[in-house]
Every structure is written in structure tokens, then in C-alpha cells.
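Input: a single structure, listed below in C-alpha cells.
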Amino acid sequence: MSKPVLYFASVLFLGWTNIFAQSSQTSLRKVLTQLEGQHGVTFSYADEMINRIVVTNLDSGAELDSQLHALSDETGLVFEASPASIFIVKNVPRSLCVKVIDQDDAVLQGAQIIINSQPTNFVADENGIIRFNTSLTFQDTIAIRHLGYQDFFTSIKNLTKEDCPEIQMSFKVTKLNEVVITNYLTNGINADLSDHSLKIQTQGLGLLPGETDGDILLALRSLPGITAPNGKAGNLHIRGSTTDQTLLLFDNIPIYHKGHYFGAISPYNPAVVQSVSVYRSGFDPSLGGRVGGVIKLESNKSISDSSMYRLGINSYYTALSAQIPIHKKFMLSGAIRTAYPNSFQSPKLDAINTMVYQPSNLSFAESDPNLDVTKQDYSFLDYNLGAVYNMKRGQLSFSFLGIDNSQENEITGLLMPRRISSEINLSNHGGNLEWKQFWSPRLSTKISLMKSAYHYKSVTTTEIPDSTTINGPIFRSEIDDFGFIFDLEYEVNQKSATILNFGYQANKHQLLNLITRPRGPVLREDVATVHSSFFNMKSQPVTGFLVSAGLRTNYYTKTEQFFLEPRIMSSYKLHKFFSVKSSAGLYNQFINQRIFFDFEDTRAENFPWELASSIFPVIKSGQFMVGGIWDKNNFIIDLEFHQKLIKNLSVRNPNEAPSMNPPPGGPPPMGQGPPLIQPQAIGELEVQGLDLLLRKHWPGMDAWINYSLTKTEMTFDELNQLPFKTYYDQPHVLNIGSTLTSKKWKFSFGWQLASGTPRYTNSTFFPEVVLTQEMNETSSEIPVETNDGRFTPQHQLDLAVVYDISPRSKKWIGSIGLSILNVYDRQNLIEENFYLFGQASRTPILDKRYGIGFAPNLMLNLQF
């Protein structure tokens, strides 16, 4: 029996056992009916009160008095016995009291009680005290509301635990009205019309296709406009941009690492990340430094009432995390994930290995009978530390992220004795210290200090018996990034929700790139600082109309240039169910990777980051978007047209070294030589496209279809006469997906169909420059070449299923799950390229590269 059939059989078996499973929660009416039949008694009650109460299943072997006592503790109801075995179920009138204070322990006169979402006449007096009488169950909700503060939610049961408890309310961060489309794709994914971002709340996130482990970056592929043609989490292209043009922030820390296993696995523990904001259509002036998009991850900053511990185990890593409140105002947190020893190879790790090491020295050595792979070790580790302290009217927080990867390989020759070993070490560490302060309900400030350190080193060594050791190239790349942010927010007008933001940001980049070769080292060190100031205004001047407009200014010390970046975003509700939206803006990028015409693989980190200079100018971008969204009866239609022009892209000219041979027709006249070919070429990227989403929600089920039509073309006039498709160009991408929740079960599936990537006629995107000689003058002829069709279309099916194993007592929460990427093991051809294998070989080998194959994974998550 094949592997896919075995895994499908296990899913069917689990589904069959669910027929006999019982929910740990049931209606009170049903429980009372069961007790009547079990003990021969009768219950008298009001239907309206009983129908809305849900309780935990009782111990069927317990005595009636014990069962009724448990129900009373859970519901707050009283079961009053009367003659003839009749029990009258009724509420108990209660006199309650609360004292409402702010973060400075000052009383809040005028605070109001909200019961079951309905306002009441219960209002706090001059001492901040609210006294009220009510007859409610423990499952009724109570909210305390005061202008300028966040609503405080509690329960009747909590208010009965002590006499007149103090309720401390926090300042409210103003939110514009009617701007969020909830459940944009599924639970936990929302669309914010005020800044056109997609917000993902990881704790409430629905199960996405192929992802039971919460791989945050890989899950983003389900969103329209985001693609990963080779299936790697760290190789995301946001609306046609290259990967380095996306700003990736973790708690304000810039991340340069692509991901574990050379970009195959996200380096972010899902237990740590609380929310993700994705900007596809530009971003406001408080963010800068990239010309494509932004992925902003934030850890948990709220202090829990009790300690929380989590354990996650799957077939390719183990994860631990903890949140420990030391005091009601102070909390520590930590998390760690690590790969298993290399001797353990699960089916998913096999699939990742096959995808990552193609083509490479290892893959060729494994197929060569004259060579033996004697060592192949890869390990990864990521860890987080956090601290949160709530001060009066403010919060102080610290966040640290560590990412470590290492790889060691060894190839031994059988016929020709020699041993080739390689070692790669990569780390990306960073920390952020942040202070938020609410000076009043309208005025707040935020100050952040951050540091990010990226270090990469690769070494290759060849050992020949009875001979000297030959050290191959040593490559080092280092980035030290220091940053400071000051942000002031002021609410000018509460009625129109007009909010002003002023701020200053400084980023100092220090780079080191070193290549050590036998003929000598090549060292390049660089440093530059970007000073930025920003201003932005968000407002809702009339009902249904939202606008966000602002300006970011940048001063780049290396070239002593000023850059202005005006930006505007807007949306307008034309109809109760339909809104139009648009955005436009300018963006600049000062640190980047040169364009390379190849997908990410084991060589990806060898493409160093560089700072803009007079030779490699600052990258500039202009973006525009217009669209509309329909939201009615849980049915969403979202359509966006977008256009992007990115200039000043740089690429290493493959023809930079002039030929050592005389040109055709003999040597040039005295004093003339071949034309000087610049070592770099400057070009541009143009992106045009549309993204369409159709989503329907039913109770317990979401289904969606999203389609992207995109055109991505690059132009380098110095190298090619024609614009050409980017190596990752996929004009058509279609996603069909669904999630289903039934009692303790969660299911999801997703099927993607995408155009094949372009096929090129040689190993680079550019043909060689031809030198010609006419009339005793030597000139260069810029060639003409375009892609030679496309590879076959890509398609794959991804599945996931999760079962809740939490006990009835809820002392701990647990789940088990199975996910499968590429269920029917489709071989998606991504690229074919010429590859040089071995130290002595000079003959290129044409090899093919495929996306991930059949990749099943089992997981277990526990929370205490």
C-alpha cells in the first residue's frame, strides 16, 4: 500500500471514531432531562432562562445532590426541592458592587454597566462605585464602559468572589469605526480597510491547508497576491516583488534570515507570535526601508492571570514555551524550538531534504558510484525571551529572538582518494526594548531601541592523502543593524476619529562581506545611517469615508541624499455592503541583495546584502492600487488592481571581464581596446496585476477561491534589448480552499493551480555581449534574447486534520493532527539549470529542480 493511501486510511479511521465521540459541553435542558430519567424527579423552570445555558457533562455515577451542587456552582442557579420530587430551578437576586479606577488608581466617575451587550442605568458615583441589584446566571456577561477607556469584561461569578472588587481600566487606543472585515479568509484573518492590511491573530486562527504546526510564513501562501513558486516558507513574493524587497519585522527587529533549512521552514515559533500584519498594497509612513511589502510579527504583550506552558512535538522539531506572571504587572516568557538529531529522518524531513539539496554537490555525489557521502548533518535552533511590565499609564517590554543554523557535509572519493568537506554556520539574533506611555486618553508615545545581528559563514576544504590540504573559498557575510524609533500619537477629534502620528527613526547599517580565495581575500566593509521622519493623519471625516495620508522623509548618509515618500490610502462605503478602496505612494530601499536569476537553494545565503552607493543607487518604487470589497450575509468578494514600478535594480554583469583574445578581424588599431563593460548593470522591475477573492462562511465552515493575474517583467538595457519575465513569474495562480469545524474536529484542504515558471535558453538570463569590428572601430552589440516558453503548470493538494484531546476538566488543552503537503506527489518542475559539479569538473550538467513532494507530518500540542 502506498504512503498516501496509508495516511488517508488513518484519517478515515479517525473520522469513523468521531461518530461515537461525545462533546464535553451540552445544554442545561438536556442535562436536566437526563437527570429526570435517571433519578425519577421533575424540574420546573423558565424555558427562556434554561435554553441559553451550556454546562459540562456530569458524572453519571454521582448522587443527585452532588450533581445539583455541581450545576449550581457552574451556573449560579438554585435547585429548590418541593414535595413530590419536584425541583424548582430559579435565579438568585444579588446585590453587587464594583469600584472603577484607572491605571493611576484614580476613581472613574460615570462608568456604566453593560449587561449582555445592553446598556443599563447603573453608573459609577463620584467615588467610582457602582451598586446594582440583578438576577443573572454565571454565564451572563458584564462589561464596564467609560469614554476613552477599553471596555472591561467580567462575569457575575467573578463579582461575587469579594465585596466591591476594584476594576482597573486601561486607556483605549482609538480605532476607526467600521473598518475591519472579520473572517476575511477564515477565523483569525481580518482585513483592515484603514490601511489595507491583512491582520492574522494566531491564537484564534482557523486551520489552514497543509499546516497543523502553524508555520506562519508558509500559511501566508493562502492569501491572494502572495506566492512561493518553489514551495519554501522564506521565498515569498508579495505582488511580484523579489524576496529581499519585503521588510520582515519581529517586534521591530529586522530579520535577514530566510528560514530554517535554507528557507524551507519559518524561524518563528507559532506559540510566541500573537499577531501578523501583512501589507501588500503599500504601508503608512511609520514603516520604511523596503519597496515591496511588509510582514510584521508581534509577540504577546498582555499579562495573563496564571502561568501557561506549551509543548509542541511534530515529525521534524520539538518546541517548548512558557508565560509566567511574576506579579499582576510583570510577566516573563520564553520559548525554544530545535531540530531532531540528523539520524532521525521523518517523511517530511526527507521531502525537505530532497527539495533543498537539488541540485547540489550532495545530490550529485549520492548518484555517483565513485563517491560516498560520509557525513550530512543539519540542525536548527530558535529561541525567544520576553518581559512585560505594566506601569501607570504605560508599558515597558523587552523581546529577544535567536536563530541558529549549522550544516556539515563530507564527500569521499572512492577511486581518487580525496575528501571534500563543507561547513555552514548562520545566526540572526536581535533584541527590542520598547516603552509605551499613555499620557492622556488622547495622547500616547512609543520609544523603541533595537539591534539585529546577522552572521553567515561557509567554508569548503579538500583533503588529499599524502598531500596538502586545499582550502576552498571562505565566505563571510555580516550585518549589524541598530535602530531607534520615536512615535507620538494624538487624537485631534474624537467625533471624526482624526489621529495624528509624528515620529523619527534612525537605522545604522554596518556590513562586512569577505571572500577568501587562493589568490587573496576580497574584503568589503560598509556603513551607512538612514535618518527618517514621518507624519501621518488618519481620519473619518464623514460616515463611511476613511483616509490615511502622510509623508516620510529620509536622509541617507552614504550618498548624502534626501528622499521624500508621500503616501495616501482611502476607502469609501458606497453602499451598506460595498466599499471602494485605493492607495498610492513612493518608497525607497537602502539595503538590498543584488538581483540574481535563480531560486533560493543552498547557495542562497551566498548572495550578500549590500548598501546603496554612487555605483549601486538607492532603489526606488512607486505603487498604486484600486479596488472594491463586497461583504454581505457572510459572503465576501474582494477585487484589487495593482501596479508597481521599481527602479535602480542592480545585477552583476556576467560579461564584465573583456575577452583576452583579439576580437574578430585582428587586433584593434593602436591606442584602441575593447569597449569597457561595466561590472554591474542597472535595470527596473514592472509589476501589473489583479487579485480576486471569493469567500463564503457557514456555521462551522469557510470556503474560498482566490485568483491572481500578475505580469512581472525586468528590463536591463545594458544587457538585453528586450524586457524579460522574472524567473519567478507566474501569470495565473488559483487557490481553492475550505475549513470545517465539527465538535472536536477541524479539517482543511487547499488546491493550488499556477502557471509554470519561464524556461530560459542558457544558465543565465542574459546572452553574452558580442564584440564586432566595423571600419576599424570596435563596438559591442547588445543581444536580444527572451524566454523559451514555460515549464508545465504547477498544482498540488494540501490537507490537514486536527482532533481536540482536551479533557472535560479543562485542566489542560491538547490536540493531535496530521498534515500532508502535495498529497498526490505532483512533480512540479521549478527550474532547470546548468550546474558545475566537483573541483576538477569543468563540464556543466543540466539538472532539474522541483518543488516539495509528498510531505506528511504528525503533530501533538499540549497546553497547561
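Sequential numbering from 12 applies to the sequence shown in our numbering.
Beta carbons: idealized from backbone N, C-alpha and C, even for Gly.
- In the DSSP assignment, Lys41 falls within the unbroken alpha helix (DSSP H) covering 39-50.
- For Phe875, there is no enclosing alpha helix (DSSP H), as DSSP marks it with neither H nor E.
- Following the DSSP letters along the chain, one finds Pro358 in no beta strand (DSSP E) but inside the alpha helix (DSSP H) bounded by residues 358-367.
- Per DSSP, Phe273 is one residue of the alpha helix (DSSP H) stretching across 271-274.
- Residue environment analysis places Lys506 among the exposed positions, since fewer than 16 neighbouring C-beta atoms fall within 10 angstroms of its C-beta.
- DSSP places Lys168 within a helical segment (H, G or I) once states are collapsed to three.
- When DSSP states are grouped into helix, strand and coil, Asn132 belongs to the strand group.
- Under the DSSP definition of a beta bridge, Gln763 partners with Asn746, Gln807.
- Considering only Asp361, Ala350, Ala333, the residue with the shortest C-alpha distance to Leu343 is Ala333.
- Secondary structure at Leu82: helix, using DSSP grouped into helix, strand and coil.
- For Ile314, there is no enclosing beta strand (DSSP E), as DSSP gives it neither H nor E.
- Counting C-beta pairs with one atom in each stretch, the region 288-300 and the region 415-423 have fewer than three that are closer than 8 Å, which means they do not touch.
- When rounded, the separation of the alpha-carbon atoms in Ile626 and Glu697 is 22 Å.
- In the DSSP annotation of this structure, Leu382 is not part of any alpha helix (DSSP H); the continuous beta strand (DSSP E) holding it starts and ends at 382-402.
- The Cβ atoms of Ile485 and Thr473 lie no closer than 8 Å to each other.
- Shown here, Gly245 sits in coil according to DSSP, grouped into three states, outside any helix or strand.
- A distance of 8 Å or more separates the beta carbons of Lys457 and Arg487.
- If you look at Ala230, you'll find it isn't in any beta strand (DSSP E); it sits in the alpha helix (DSSP H) that goes 227-230.
- Under the DSSP assignment, His440 falls in the beta strand (DSSP E) whose first and last residues are 430-449.
- Using a Cβ-Cβ distance cut-off of 8 Å, the region 112-131 and the region 398-409 are in contact, since at least three pairs of beta carbons, one from each stretch, lie closer than that value.
- Three or more Cβ pairs closer than 8 Å define a contact, and the region 557-572 falls short of that threshold against the region 219-232.
- With respect to Asp203, Val191 sits close: the two C-beta atoms are nearer than 8 Å.
- For Ser315, the closest alpha carbon among the candidates Gly300, Ser581, Ile337 is that of Ile337.
- Secondary structure at Leu373: helix, using DSSP grouped into helix, strand and coil.
- Here the alpha carbon of Val744 sits roughly 4 Å from the alpha carbon of Ala765.
- With 16 or more neighbouring CB atoms inside 10 Å of its own CB, Ser830 falls in the buried class.
- Per DSSP, the beta bridge partners of Glu177 are Lys110.
- Taking a cut-off of 8 Å on C-beta distances, the region 192-202 does not touch the region 167-176, as fewer than three cross pairs fall below it.
- In this structure, Arg232 sits away from Asn280, with a CB-CB distance that is not shorter than 8 Å.
- Minimum Cα-Cα distance from Val637 among the listed residues Lys172, Ser624, His653 corresponds to His653.
- With a contact defined as Cβ atoms closer than 8 Å, Ala282 and Gly323 qualify at about 7 Å.
- In its chain, beyond the 5 residues on either side, His271, Phe391, Leu437 have a beta carbon closer than 7 Å to the beta carbon of Asn416.
- In the DSSP assignment, the residues bridged to Ser753 are Trp756.
- Leaving aside the five residues that flank Lys340 on each side, the residues in its chain whose CB is nearer than 8 Å to its CB run, in chain order, Ile314, Tyr400, Asn401, Met402.
- Assignment of beta-bridge partners to Gly413 by DSSP yields Tyr394, His440.
- For Leu703 against Leu650, the beta-carbon gap comes to about 5 Å, under 8 Å, which counts as contact.
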